[in-house]
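The structure appears below as structure tokens.
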Amino acid sequence: MRQVQPRQLQIGEVDIGSIELDHRSRDDIPQILLGLQHLYLNAEARDLVFSLLEQAVPENISPDRGRPGMQLWKILVLGVLRLNLDWNYDRLREMANQHATIRAMLGHGMYDLYEYKLQTIKDNVSLLTPELLNQINEVVVAEGHKIVGKKKKIR
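Numbered according to our numbering, the sequence shown spans residues 1 to 155.
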């Protein structure tokens, strides 16, 4: 059974909305994580994206039996990082296991020692097909247009 994101935080886990990201960083990772954080905090856009992601889960998988699958939020975060930063799966695995801010965005607390296996990442991130990514992109672009429209004119 796949969950979007557990509602109950684990001990030591940081709420995604309260993750402190460097707004002045010129690196790509914080900029992407800021976008993901905004998407997570906007319930309407988040629900649209997760409804699209739920359609990507294979239908022949029983939600009542077997081990739980990777949460949809984690699949989205890993997929967005891989696509936007042009990372191969080995690099994605290394960053998901070692980069503190990425681990926080994935929902891991400071003392959570969970390590992603390469095959697990491949199996789950590959659910994000080009068609699905285009649909998610439409939702994200529409949300971006709402943000740009809210800015005040200086003159």
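Every residue, glycine too, gets a C-beta built ideally from N, C-alpha and C. Here the structure is a predicted model, which is why all the values come from computation and not from measurement.
**Prompt:** Who are the near neighbours of P156 in its chain, counting only those whose CB is closer than 6 Å to its CB and skipping five residues on each side?
**Reply:** Any question about residue 156 goes unanswered here, given that the chain covers just 1 to 155.
**Item:** Residue range of the alpha helix (DSSP H) that includes D123
**Value:** Residue mapping note: residue 123 aligns to position 123 of the sequence shown, counting from 1. From DSSP, the alpha helix (DSSP H) with D123 extends over L118 to V125.
**Request:** Report the three-state DSSP secondary structure of R26 (helix, strand or coil).
**Result:** The residue labelled residue 26 in the question sits at position 26 within the sequence shown. Coil, per DSSP.
**Message:** Let's see if you can read the secondary structure: which residues bound the alpha helix (DSSP H) around Y89?
**Reply:** Translated into the one-based positions of the sequence shown, residue 89 becomes position 89. That run of the alpha helix (DSSP H) goes Y89 to Q98.
**Prompt:** Should L41 go down as buried or exposed, given a rule of 16 or more other Cβ atoms within 10 Å for buried?
**Reply:** By 1-based counting over the sequence shown, the position of residue 41 is 41. It counts as exposed.
**Asked** Quick one: what's got a C-beta closer than 6 Å to G144's C-beta in the same chain, skipping five residues either side?
**Response** For the purposes of this step, residue 144 is taken as the residue at position 144 of the sequence shown. Nothing listed; no residue qualifies.
**Item:** Spatial neighbours of V49 in its chain, beta-carbon cut-off 6 Å, leaving aside the 5 residues before and after
**Value:** Taking the first residue of the sequence shown as position 1, residue 49 is located at position 49. Excluding positions up to five away in sequence, the list reads I136 and V139.
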